[in-house]
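Asker: I'd like to ask some things about the structure below.
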Amino acid sequence: DQQVKQNSPSLSVQEGRISILNCDYTNSMFDYFLWYKKYPAEGPTFLISISSIKDKNEDGRFTVFLNKSAKHLSLHIVPSQPGDSAVYFCAASRGYNFNKFYFGSGTKLNVKP
Amino acid sequence: NAGVTQTPKFRVLKTGQSMTLLCAQDMNHEYMYWYRQDPGMGLRLIHYSVGEGTTAKGEVPDGYNVSRLKKQNFLLGLESAAPSQTSVYFCASSYPFGGADYQPQHFGDGTRLSIL
Chain A
3 DQQVKQNSPS LSVQEGRISI LNCDYTNSMF DYFLWYKKYP AEGPTFLISI
53 SSIKDKNEDG RFTVFLNKSA KHLSLHIVPS QPGDSAVYFC AASRGYNFNK
103 FYFGSGTKLN VKP
Chain B
14 NAGVTQTPKF RVLKTGQSMT LLCAQDMNHE YMYWYRQDPG MGLRLIHYSV
64 GEGTTAKGEV PDGYNVSRLK KQNFLLGLES AAPSQTSVYF CASSYPFGGA
114 DYQPQHFGDG TRLSIL
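Top to bottom, those sequences are chains A and B. In terms of the working numbering, the first sequence opens at residue 3 and continues consecutively. In terms of the working numbering, the second sequence opens at residue 14 and continues consecutively.
Set out below in C-alpha cells:
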C-alpha cells in the first residue's frame, strides 16, 4: 500500500502560468518531504525540500507548501517554463531518517510554449 | 564531471541467470543507494550503504544482494533473476546526514533490466 500518492499522472500548463503539483501521504509520522525532478533517460535530480516544522519553503520559482492536518503537500512553479517539462516525484521520510524515503509515482508536467 | 555512473545501461537476462550492476561515484560520497522504479510506482529502496564495508536493507531487498568493498563503488547482484525483477534500477549517492540537515541524493541515469 503506497504511503505517498500522486493522484495526477499528468498535468499540462501554458508557459508563464503557474504549475501546481500535488502529493498526499497517509503516514502522520512523516516529517520530512522532498521533490525530485526527472527528465527522460536521466536520473532524478533534487529540487526542494521541507521539514514538518515549516509550512512553506521557497527556492526561486519553486515553492513547496505543506498542510500537515490534511497530509498534503504541493509544489508550485511560477512562472512555468518549457524546460520544466519533466516527471516530478514527491517523497517523504519519518524521524529524519533520510536513508529511507517513500516516493510517489510521479506527475508528468508538460509546459506548452 | 562524471557524478554517478551506472553500468550497464541496458541488459536482457533469462530467468535464472545472475548478474551484477555496478555503480561508481566520484564525489567522495559516504552514502550510496540502490532503487528500482516500476511503471505506475515511485522509486523503491532496495539496499543502501552508509560507508565502505556496510550495507543495510531497504523497502524491497528480497532477491538482491549488495556489496560496498570500496567507498566509490556499490554493487547490486541478482543471483537468480526472475521476471518480477524487470525494472529500471537507479543508483544514488550522498554526503552523510547530520541531524535535520538533508543532503540531496545524486542519481545515476539508470539501468534498464528485462528478464525473460
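No residue lacks a Cβ here, since even glycine has one placed at the ideal position from N, Cα and C.
In this structure, how does DSSP classify residue 85 of chain A when only helix, strand and coil are distinguished?
Answerer: Correct three-state label for residue 85 of chain A: helix.
Asker: Taking 8 Å as the cut-off, does the stretch 84 to 93 of chain A touch the stretch 38 to 56 of chain A (at least 3 CB pairs, one atom from each stretch)?
Answerer: The stretch 38 to 56 of chain A, when compared against the stretch 84 to 93 of chain A, does touch it at the 8 Å Cβ threshold.
Asker: Within the 8 Å Cβ cut-off, does residue 113 of chain A reach chain B?
Answerer: No, its Cβ sits nowhere closer than 8 Å to a Cβ of chain B.
Asker: When Cβ atoms are compared, which residues of the stretch 86 to 105 of chain A fall closer than 8 Å to chain B?
Answerer: So the list reads 91, 93, 98, 100, 101, 102, 103, 104 and 105, given in the order they occur along the chain.
Asker: Could you list which residues in chain A have their beta carbon closer than 8 Å to that of residue 122 of chain B, in chain order?
Answerer: Within 8 Å Cβ-Cβ: 43, 44 and 45.
Asker: At the 8 Å Cβ level, is residue 118 of chain B part of the contact set with chain A, yes or no?
Answerer: Answer yes: the Cβ-Cβ gap between residue 118 of chain B and chain A drops below 8 Å somewhere.
Asker: Using the Cα positions of residue 4 of chain B and residue 119 of chain B, report the straight-line distance between them to the nearest angstrom.
Answerer: No answer is possible for residue 4 of chain B: the residues shown for chain B start at 14 and end at 129.
Asker: On a CA-only basis, which of A:110, A:14 and A:29 is nearest residue 95 of chain A? Give me that one, please.
Answerer: The shortest Cα separation from residue 95 of chain A among A:110, A:14 and A:29 belongs to A:29.
Asker: Which residues in the same chain as residue 31 of chain A place their Cβ atom closer than 6 Å to its Cβ, once the five residues preceding and following it in sequence are excluded?
Answerer: Around residue 31 of chain A: 96.
Asker: I'd like to know whether the C-beta of residue 55 of chain B is nearer than 8 Å to at least one C-beta of chain A.
Answerer: Interface residue, yes.
Asker: On the CB-based measure, 16 or more other CB atoms within 10 Å of its CB, does residue 97 of chain B come out buried or exposed?
Answerer: The residue is exposed, with fewer than 16 neighbouring Cβ atoms inside 10 Å.
Asker: So, do the stretch 99 to 106 of chain A and the stretch 76 to 85 of chain A have three or more beta carbon pairs nearer to each other than 8 Å?
Answerer: The stretch 99 to 106 of chain A vs the stretch 76 to 85 of chain A: no contact.
Asker: Alpha carbon to alpha carbon, how far is residue 41 of chain B from residue 84 of chain B?
Answerer: Taking the straight line from one Cα to the other gives about 7 Å.
Asker: Using the C-alpha atoms, what's the distance from residue 108 of chain B back to residue 17 of chain A?
Answerer: Whole-angstrom Cα-Cα distance: 36 Å.
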